[in-house]
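Asker:
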Amino acid sequence: MEYVLSILGPMLEGTVLTLQMFFITIALSLPLGLVLALARISHFSFLSKPVGVYIWLFRGTPLMLQLLFIYFGLPFVPVIGVRLEDFPAAVVAFALNYAAYFAEIFRAGIQSVDRGQYEGAKVLGLSYLQTMRRIILPQVIYRVLPPVSNETITLVKDTSLIYALAMNDLLRTTRGIVQRDFNTTPFIVAAVFYLAMTLVLTWGFQKLEKKYSAYEA
Amino acid sequence: MKKIVAENIDKWYGQLEVLKKISLSVDAGEVVAVIGPSGSGKSTFLRCLNRLEEIDGGRIEVDGEVLVETGAAGVVYAPDADSRRICRKMGMVFQQFNLFPHLTVLENLIEAPMLVKGLAKEAIIPEAEALLRKVGLFEKRDNYPARLSGGQKQRVAIARALAMKPEIMLFDEPTSALDPELTGEVLRAMRQLAEEHMTMVVVTHEMGFAREVANRVVFMDQGEIVEEGKPAELFSRPQHPRTQAFLNSML
Ligand SMILES: Nc1ncnc2c1ncn2[C@@H]1O[C@H](COP(=O)(O)OP(=O)(O)OP(=O)(O)O)[C@@H](O)[C@H]1O
Ligand SMILES: [Mg+2]
Chain A
118 MEYVLSILGP MLEGTVLTLQ MFFITIALSL PLGLVLALAR ISHFSFLSKP
168 VGVYIWLFRG TPLMLQLLFI YFGLPFVPVI GVRLEDFPAA VVAFALNYAA
218 YFAEIFRAGI QSVDRGQYEG AKVLGLSYLQ TMRRIILPQV IYRVLPPVSN
268 ETITLVKDTS LIYALAMNDL LRTTRGIVQR DFNTTPFIVA AVFYLAMTLV
318 LTWGFQKLEK KYSAYEA
Chain B
1290 MKKIVAENID KWYGQLEVLK KISLSVDAGE VVAVIGPSGS GKSTFLRCLN
1340 RLEEIDGGRI EVDGEVLVET GAAGVVYAPD ADSRRICRKM GMVFQQFNLF
1390 PHLTVLENLI EAPMLVKGLA KEAIIPEAEA LLRKVGLFEK RDNYPARLSG
1440 GQKQRVAIAR ALAMKPEIML FDEPTSALDP ELTGEVLRAM RQLAEEHMTM
1490 VVVTHEMGFA REVANRVVFM DQGEIVEEGK PAELFSRPQH PRTQAFLNSM
1540 L
């Protein structure tokens, strides 16, 4: 027990980094995903086609590869090449990757709304933006909550990939302690930390689903 | 005064000519029932009037304003802002209700007046409540649509359309999705509206309603208006063989 308390400090520090990665990624990738989804279903092929390629690229290659590429490879790309510090590089990779997944979830959600909803809104005089914001998206949110919940839980665990950039998130910190002390207890503590985070998420999404399900029969 | 003037409306879906240059005008306060077999183009015609579908030829005038006309340059619609304003003069009720499921009954009514007309919520709630009373659903104001029967949903849909204070109401088979015992309550609401001299175009299979409430019945078949007339005459002495065949099949 005393041992656990002694490693708690550094592990909490690692957890803070994990949570930072998590929240920043969510805050960026959800809105980006929504914009991408709207572009993907747009009738303008100069919007929908490139977004299709984007989604294919980011869902079709390993997140680890994207992470390494943005950190190590991007500086050598002509024109757009920039050198990013480890944290911003990781944020960019995660946000771009998760936005691709969210875009597909939102696209499916938007397309699952009956055409009659658009027509009902149109004959009442609502504009496209008003229809989206007030009629379609509120219904989409409810429908996409389960898959979005899934993705966010995956993200909590995916953040551990940043060990590849030698960043001390929860998992890398834990591994360091295990190697230093020849003791595997920290792994168990780390598991408890991850489980606690996903538990809070699961619970939060359940609350949201309940709130939005008020209108279902 | 003419509320709707539609002339030579042409509409194609790919190779299929769905409306073959049909013309119809509707007087203020008139109730026109449109009948005809499935696939004859009744819905398409109604949806062309309020631009849910765009026409491939012809001219539509609503309440004295030109929504669309066809000239040497082809089909030209009024500029977007005008077109939307003109179309707003027509409320529409669909077969499938198309209520907004995430909004309560009252919210369904006030959403468009708030967003489109920029009215304050407090200002429109009394009117919305009055409309709900009129269709007999005031007690349901805080329910979500999923909790309503089909007949109640359709009455809410009628009230929702009326909340925008339209000059004209378009109905596309408003009772076809309802169990037979629920059609009466919806037809009653529509009859009341007709008695208040609302201009109405009603696509319907309810021959009883067409006979009793409509001022004029229009029979469509294969994209054409085959015959039209006062209900008493058209139902008892149909002139055209296609009308006769259709009316016989409805008995
Ligand atoms: N979006 C569409 N694309 C292609 N064809 C269509 C489309 N909508 C309607 N049609 C065709 O146009 C014709 C007229 O259809 P419409 O829905 O106007 O008929 P209707 O008289 O309303 O029939 P019903 O009584 O079954 O509602 C039909 O042959 C139909 O298959
Ligand atoms: Mg139809």
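Protein chains in written order, with the working numbering: chain A, 118 to 334; chain B, 1290 to 1540. Glycine included, each C-beta is placed from N, C-alpha and C at the ideal position.
1) Which chain B residues are close to residue 243/A, counting only those with a beta carbon under 7 angstroms from its beta carbon?
2) Got a sec? Which residues, its chain only, sit under 6 angstroms from residue 1413/B by beta carbon, not counting five neighbours each side?
3) Less than 7 angstroms between CB atoms is the rule here; does residue 233/A satisfy it with respect to chain B?
4) Taking the beta strand (DSSP E) that residue 178/A belongs to, which residues open and close that run?
5) How far does the alpha helix (DSSP H) with residue 310/A in it extend, from its first residue to its last?
6) Quick one: give me the first and last residue of the alpha helix (DSSP H) that residue 1349/B is part of.
7) Residues of chain B with a CB under 9 angstroms from the CB of residue 296/A: which are they?
8) For residue 273/A versus residue 140/A, is the C-beta distance shorter than 7 angstroms?
9) Taking 6 angstroms as the cut-off, is the beta-carbon of residue 1549/B closer than that to any non-hydrogen atom of ligand 1?
10) What is the DSSP secondary structure of residue 158/A, reduced to helix, strand or coil?
11) Please report the Cβ distance between residue 1378/B and residue 1457/B, rounded to the nearest whole angstrom; I am assuming they are in contact, meaning their Cβ atoms lie under 8 angstroms.
12) Check each residue of the segment 1359–1374 of chain B: if its Cβ is closer than 9 angstroms to any Cβ of chain A, include it; give the result in chain order.
13) Quick check: the segment 219–227 of chain A against the segment 156–170 of chain A, are there 3 or more CB pairs under 8 angstroms?
14) With a floor of 4 residues, list each alpha helix (DSSP H) that falls wholly inside the segment 1399–1462 of chain B, ordered by position along the chain.
15) Residue 1482/B by DSSP, collapsed to three states: which one?
16) Taking 6 angstroms as the cut-off, is the beta-carbon of residue 1538/B closer than that to any non-hydrogen atom of ligand 2?
17) Cβ of residue 1322/B within 7 angstroms of Cβ of residue 1499/B?
18) For residue 269/A and residue 1347/B, what's the separation of their Cα atoms in angstroms?
19) Measure from the C-beta of residue 1453/B to each C-beta in chain A and report whether the shortest distance is under 7 angstroms.
20) Taking residue 1484/B as the reference, give the member of 1312/B, 1290/B, 1295/B, 1319/B with the closest Cα.
21) Would the beta-carbon of residue 1493/B fall within 7 angstroms of that of residue 1516/B?
22) To which residues does DSSP link residue 1314/B through a beta bridge?
23) Where in the segment 206–291 of chain A do unbroken runs of the alpha helix (DSSP H), each at least 4 residues long, occur, reported from the N-terminal end onward?
24) Going by the beta-carbon positions, is the gap between residue 142/A and residue 259/A smaller than 7 angstroms?
25) In whole angstroms, give me the CA-to-CA distance for residue 1395/B and residue 1437/B.
26) Could you tell me the distance, in whole angstroms, from the CA atom of residue 1495/B to the CA atom of residue 146/A?
27) DSSP puts residue 1517/B in a beta bridge; with which residues?
28) With distance defined between alpha-carbon atoms, name the residue in 1466/B, 1291/B, 1525/B nearest to residue 1354/B.
29) Can you tell me which of the three DSSP states residue 118/A falls into?
30) Would DSSP call residue 1356/B helix, strand or coil?
31) Report yes if the C-beta distance between residue 1404/B and residue 1452/B is below 7 angstroms; otherwise report no.
32) With distances taken Cα to Cα, identify the nearest neighbour of residue 169/A among 153/A, 178/A, 209/A.
33) Tell me the rounded alpha-carbon separation between residue 1387/B and residue 1434/B.
34) Below 7 angstroms on C-beta distance, what does residue 130/A contact in chain B?
35) Starting from residue 1496/B, trace the beta strand (DSSP E) both ways and give me its first and last residue.
36) Which residue wins for smallest C-alpha separation from residue 1486/B, given the options 1502/B, 1514/B, 1471/B, 1461/B?
Answerer: Judging by the given coordinates:
1) Within chain B, the residues near residue 243/A are 1401, 1404, 1405.
2) 1399, 1402
3) yes
4) Segment: none, residue 178/A is in no beta strand (DSSP E) and carries neither H nor E.
5) 302–329
6) Careful: residue 1349/B lies outside any alpha helix (DSSP H), inside the beta strand (DSSP E) at 1346–1351.
7) What residue 296/A touches in chain B: nothing, since even the nearest Cβ is about 53 angstroms away.
8) no
9) The structure shown has nothing for residue 1549/B, since chain B only spans 1290 to 1540.
10) coil
11) 6 angstroms
12) Answer in chain order: 1373, 1374.
13) yes
14) 1410–1423, 1439–1451
15) Reduced to three states, the DSSP call for residue 1482/B is helix.
16) no
17) yes
18) 54 angstroms
19) yes
20) 1319/B
21) no
22) In the DSSP secondary-structure assignment, residue 1314/B is bridged to 1294/B.
23) 232–240, 254–275
24) For residue 142/A and residue 259/A, no; Cβs fall outside 7 angstroms.
25) 13 angstroms
26) 52 angstroms
27) The secondary-structure analysis by DSSP pairs residue 1517/B across a beta bridge with 1507/B.
28) 1291/B
29) coil
30) strand
31) no
32) 153/A
33) 10 angstroms
34) The premise fails here: residue 130/A is roughly 43 angstroms from chain B at the closest Cβ pair, so nothing lies under 7 angstroms.
35) First-last for residue 1496/B: 1496–1502, but that is the alpha helix (DSSP H), not the beta strand (DSSP E).
36) 1502/B
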